[in-house]
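Engineer:
Numbering (this note's numbering), first residue to last: 969 to 1086.
(1) Identify the residues that DSSP records as bridge partners of residue 1025: which are they?
(2) Residue 1053 and residue 978: beta carbons closer than 8 Å?
(3) Would DSSP call residue 1048 helix, strand or coil?
(4) Helix, strand or coil for residue 1000 per DSSP?
(5) In the DSSP output, which residue or residues are listed as bridge partners for residue 1058?
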């Protein structure tokens, strides 16, 4: 099973801060992250309105990765005087319904065998 984990940073960030967070997330999680920028402000400091970093999780690594992501974000935010809000979003695809199975008869516990075909 795969899932997608996203980190959304809202508010102005410096020119190299998205790359620093991207490196921090990669180091902490061991995953390959993709960076998207949105909402170019056109501010003099090069600030962006929002950045989105995404990675794909495989198997049952989700809980450990979420802890690593939180640690990376806390480290990154800790180096800033005015850290922007950060949201972590984990999206798991819907589970496919399992096919219904025919109920199996319960085994007898009285020592008598059930004749075939009855």
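Backbone N, C-alpha and C define an ideal beta-carbon position, used for all residues, glycine too.
Quick caveat, the model's predicted, so the values are computed rather than measured.
Structural biologist: Based on what the coordinates show:
(1) Reading the chain shown from its first residue, position 57 is the one you call residue 1025. Per DSSP, 971.
(2) Translated into the one-based positions of the chain shown, residue 1053 becomes position 85. Translated into the one-based positions of the chain shown, residue 978 becomes position 10. Yes, Cβ-Cβ distance for residue 1053 and residue 978 is below 8 Å.
(3) As a position in the chain shown, residue 1048 is number 80, starting the count at 1. In the structure shown, residue 1048 sits in coil (DSSP, three-state: anything other than H, G, I, E or B).
(4) Along the chain shown, one-based indexing puts residue 1000 at 32. Note: residue 1000 maps to coil in three-state DSSP.
(5) The residue labelled residue 1058 in the question sits at position 90 within the chain shown. Answer is 973.
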